[in-house]
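> Pasting in a structure now, in structure tokens, and then I'll have a few things to ask.
Protein chains in written order, with the numbering used here: chain G, 1 to 518; chain P, 1001 to 1270; chain C, 2001 to 2314.
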């Protein structure tokens, strides 16, 4: 037995030594994906990984800049009419698709028609067809370089929603992206990379678009100069976080776009890698079910808040990486002003007093969490301990992500340690938690006045007026206390030292243009 | 001589396990669920004999509490699988005909059914707790009990002492319980012992895939899988539960071998 | 013979039906659905309904099951709800990965474990026996993922000898395929060899006590002849059955190893599909798993007489 073991080890060593460095290829950056992409059709069958990959191939008229405001991308300039219902986009000159065809206004109109077609199942169609935020009444090509969009009424968010990453940035693709049967084939876009090979379940490979027409200047979020610097991008599917870390350290991948906080803290100490982090606009917090017989009592909810040392929780679950933020408006937003900066302090005396007022008699209160997102679970563990210390009989229920999402959608919980994906406008941040529970059970905060105020904020364009509405909303939010906001997420990318020019981004998906490898 | 020594070692390991499990139900050095944010990932020291985890929880206390949970899960699972399996096996072996065929068809289906899916499905239906695991693993292991019992029943059904009991006017149920069942005890004891080990392993594998006894309540399996990100930086987190699993399996296997030698008539000559 | 095989295969049909219904019901009892997962925290009820309709999840369960069953009868296992790929080619591709690794691992395990078990039985209670029993019991006692992770850390990260993730099919590049699969194969082989060694040892001890061995020895057959010609064939029969059980049941067990080593195998596919509530893929995996289980057992049973003269004699 022992002989055999020695032989096996020796054989392993032999094979390995002979292999050398075959898996490190020059001019290729290998990026970890935690699961395979769902499709290459922008904004339809998608998830965050899909968005990340698709963003390298297609571009929209507008895109988010580094500060999460919207700027032109394929558009040279954008003119808005006096009454804010007509948007005139002038296209940049000299932009070509991956197949060599020149980008024209007709292509934009064609792509928009496909997006608007219910058969496409574009996830953002409801936002534009009158069911949701706004209604686009007409799109036409004035001349080969000019497209005009007409809206039924003004909206502060037309360009923001258009640029949204989960909407596929409303990217403009060539009509040959679709087969004769109307089915999606592959993206023929204008982006810095084009589709190479998609080996399902294993990797997606993108190739450099050698004819890419870059905007002048510097890289700026999803716009600016997006020149590709490597021949190949390979997005490798590695579901397991520990395996991904091992892959990075051994040089099998070059970039982990989003590492968990514990790994980031460890990797920071390793000389062969570099850690890049940025605060994103996603939001982590603890939801209450305000219709629950127990936590339906606002005094109990406030008692729980008083029982928690939120600063300490945030420090622990993010390894000190994220800043606490108690407001639904993300810290990175320009609307996150002084009124939103205070963070509640732990106050056990207050907690006890509120518990007595609420008539709490030690009933069990369950916090739902998931291990899929380690911070969700970690938050619940710490909250449970702190609640117990304050005399609240808290329990934890750990569920798989799909089950937890089901409970979230149905509002079936007492407390839930949850993560919201990024919303890029404060009105949308409030809208995401607010609404009538009768028709939308997933909404956390059911307050008719708040709903009305959010509608105002969605239509108003004036900065100061919007700020006033948001400050008022936040005051009401604190009075009603439908959830405890803890912090905005961190995007922590880790690269091998050979990778130059990478930076994490507030929107939270990796960008590989302007990045090179030695 | 060697066998006796093995049995002794196995017995001692299992006794230690039982003692720790019982002790943990009344006392652990620190509350196993209590985080201590000022003492996170401390290596073993006089204050924390086995160190602390990423929440600053005392690993020794968690191992003790985990021993109680893991042992309970394994015991309940074995009890469930053996009881259900023996009842069905007796029925199938004794009833023969269509009952037998139908039971065996279901049995075969269960045997071929990957335990993972069973576990997830049942956890979802029962709720994510240790009883879901007990039911899932119990159902996964019961079919092998059914097979063993059925085979034993078939082999003794027509023997003289069974016939004699019948001809003396004893009821079928009495005959089965008094004369057939005792013959199953030896193979069942051996099977149950190995099964105890399988369950401990299976629970850790399920925990690894995210389908085991849900945290924060500790089991060896979920402690081990939670320790994965810290394998390099805080190896004590994975060594302690890993060693517990290995030692328990070792004890169970040694004891099982000794039992097999004692109880299996074909091996008795050794 | 042909009739026997036909009967055995026909007998699996009720099992398959039973399991497919159980899987169907079980999966739908689990909360959460693929439409919700796709929309995440942003799905409003209208969007959810629309997506569920598009996925065919709005129909009643019996109808959904019958549609699926009818398609399966026509050889169509449907399309994945997660990425719209046809299920059948996906299964075939993943199965090749799993089957390759499992077969090689079990072959290695058997070729180490059977001689080891034989040796231990032959020299029962010797130091060699003690070492083999202790070794196999230890191997039996280590959780497979734990063992795999240790190997990964040692050879992949600390020493940097082997790639940590990835997979290349053997037909494309045998050399690199070997590098990618050696650690998972070694992990599986070592873990399984513990069980097989013990079985081989126990059954050999049993056989060595039988009368005909005593006869053979009495007749002056040399000890090596006793061992190889008389004991091995008989002792191998139960081991052979065990190997069959291992092969048939590895789908569940290998998911863990495939996760550790990031292999695109069937076990991983099943676990991912369960978490993604990708019903057609789960159902397809289950059908395949059961078919494999049944076929492996059939093959084992058919080959059994080769190893156990007592069975042929009957």
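Glycine residues also receive a C-beta, built at the ideal position from the N, C-alpha and C atoms. On a predicted model such as this, the values are computed, not experimentally measured, just so you know.
Is there a Cβ of chain C sitting closer than 7 Å to that of residue 286 of chain G, yes or no?
no
> Taking the alpha-carbon of residue 1214 of chain P as reference, which of G/299, G/261, G/400 has the nearest alpha-carbon?
G/400
> Quick check on this structure: which residue in G/221, G/202, G/218, G/229 has the alpha carbon closest to the alpha carbon of residue 561 of chain G?
Examination of residue 561 of chain G is not possible in this model, given that chain G is present from 1 through 518 alone.
> Might you give, ordered along the chain, the residues of its own chain that have their beta carbon closer than 8 Å to the beta carbon of residue 319 of chain G, omitting 5 neighbours on each side?
261, 262, 264, 265
> Which class does residue 25 of chain G belong to by DSSP, given the choice of helix, strand or coil?
Caution applies to residue 25 of chain G, whose pLDDT of 46 falls short of 50 and renders its modelled position unreliable; the value that the coordinates give is listed next. The answer is coil: DSSP assigns residue 25 of chain G none of H, G, I, E or B.
> I think residue 2148 of chain C touches residue 2260 of chain C, with their Cβ atoms under 8 Å apart; what is that distance to the nearest whole Å?
4 Å
> Looking only at its own chain, which residues have a Cβ that is under 7 Å from the Cβ of residue 518 of chain G, when we skip the five neighbours before and after it?
If we look at residue 518 of chain G and ignore the five residues flanking it on each side, its Cβ neighbours are 498, 500.
> Show which residues of chain G have a CB atom less than 8 Å away from the CB atom of residue 2272 of chain C.
Chain G residues near residue 2272 of chain C: 35, 239.
> The alpha helix (DSSP H) spanning residue 284 of chain G covers which residue range?
No alpha helix (DSSP H) contains residue 284 of chain G, which is instead part of the beta strand (DSSP E) from 273-288.
> Could you tell me which uninterrupted alpha helix (DSSP H) segments, each at least 4 residues in length, are contained entirely in the region 2145-2219 of chain C, listed from first to last along the chain?
Annotation note: the region 2145-2219 of chain C contains the following uninterrupted alpha helix (DSSP H) runs of length 4 or greater, listed N- to C-terminal: 2174-2208, 2211-2218.
> Quick check: the Cα distance between residue 248 of chain G and residue 471 of chain G, rounded to an integer number of angstroms?
Residue 471 of chain G has its alpha-carbon roughly 44 Å from the corresponding atom of residue 248 of chain G.
> If contact means a Cβ-Cβ distance below 8 Å, which residues of the region 174-204 of chain G contact chain C?
200, 201, 202
> Taking only the alpha-carbon atoms, compute the straight-line gap between residue 2247 of chain C and residue 2296 of chain C and give it to the nearest angstrom.
7 Å
> May I have the straight-line CA-CA distance separating residue 479 of chain G from residue 131 of chain G, to the nearest angstrom?
31 Å
> Under 8 Å by Cβ, that's how I've got residue 286 of chain G and residue 375 of chain G pegged, so tell me the actual separation to the nearest angstrom.
Taking a contact as a CB-CB distance under 8 Å, the pair residue 286 of chain G and residue 375 of chain G does not count as one, their CB atoms being some 12 Å apart.
> For chain G, check one thing: does any of its Cβ atoms lie closer than 7 Å to the Cβ of residue 1035 of chain P?
yes
> Tell me which residues share the same chain as residue 1037 of chain P and place their Cβ nearer than 6 Å to its Cβ, disregarding the 5 neighbours each side in the sequence.
Residues of the same chain with a CB within less than 6 Å of the CB of residue 1037 of chain P, apart from the 5 flanking positions on each side, are 1056 in chain order.
> Which residues in the same chain as residue 212 of chain G place their Cβ atom closer than 7 Å to its Cβ, once the five residues preceding and following it in sequence are excluded?
Within the same chain, Cβ atoms closer than 7 Å to the Cβ of residue 212 of chain G are found at 192, 227, 228, the five residues on either side in sequence being excluded.
> So, residue 2144 of chain C versus residue 2112 of chain C, is the Cβ gap smaller than 7 Å?
no
> Would you say residue 1210 of chain P lies against chain G (beta-carbon separation less than 7 Å)?
yes
> Give every residue of the same chain whose Cβ lies closer than 7 Å to the Cβ of residue 44 of chain G, excluding the five residues on either side of it in the sequence, and list them in chain order.
Closer than 7 Å at Cβ, skipping near neighbours: 120, 121, 122, 123.
> Whole-angstrom Cβ separation of residue 2300 of chain C and residue 2241 of chain C, contact assumed at under 8 Å?
Between residue 2241 of chain C and residue 2300 of chain C the Cβ distance is about 6 Å, and since that is below 8 Å, they are a contact.
> On a CA-only basis, which of G/514, G/208, G/444, G/366 is nearest residue 289 of chain G? Give me that one, please.
G/444
> Tell me which residues share the same chain as residue 433 of chain G and place their Cβ nearer than 6 Å to its Cβ, disregarding the 5 neighbours each side in the sequence.
444, 445
> Flag residue 25 of chain G as yes if its beta-carbon sits less than 7 Å from any beta-carbon of chain P, otherwise no.
Confidence at residue 25 of chain G is low in this model, with a pLDDT of 46, below 50, so the placement of that residue should be treated as unreliable; the coordinate-derived value is given next. With 7 Å as the cut-off, residue 25 of chain G does not count as an interface residue toward chain P.
> Give the straight-line distance between the Cα atoms of residue 242 of chain G and residue 2210 of chain C, rounded to the nearest whole angstrom.
If I take the Cα positions, the gap works out to 52 Å.
> Helix, strand or coil, according to DSSP, for residue 509 of chain G in the structure here?
coil
> I think residue 125 of chain G touches residue 138 of chain G, with their Cβ atoms under 8 Å apart; what is that distance to the nearest whole Å?
Between residue 138 of chain G and residue 125 of chain G the Cβ distance is about 16 Å, and since that is not below 8 Å, they are no contact.
> Kindly say whether residue 21 of chain G, judged by its beta-carbon, lies nearer than 7 Å to any beta-carbon of chain P.
Any reading at residue 21 of chain G needs caution, since the residue's pLDDT is 39, under 50, leaving its predicted position unreliable; the model's value is listed next. By this cut-off, residue 21 of chain G is not an interface position.
> Residues of chain P with CB closer than 7 Å to the CB of residue 2014 of chain C, please, in chain order.
Those within 7 Å of residue 2014 of chain C in chain P are 1105.
> Should residue 2207 of chain C and residue 2237 of chain C be called a contact, given that it needs their Cβ atoms to be closer than 7 Å?
no
> Could you tell me which of P/1086, P/1119, P/1167, P/1192 sits nearest to residue 1152 of chain P, measuring between CA atoms?
Selected option, being the one with the closest Cα: P/1086.
> Could you tell me the distance, in whole angstroms, from the CA atom of residue 1182 of chain P to the CA atom of residue 292 of chain G?
55 Å
> Residue 164 of chain G CB to nearest chain C CB: under 7 Å?
no
> Can you find a C-beta in chain P that's less than 7 Å from the C-beta of residue 262 of chain G?
yes
> Tell me the rounded alpha-carbon separation between residue 448 of chain G and residue 299 of chain G.
21 Å
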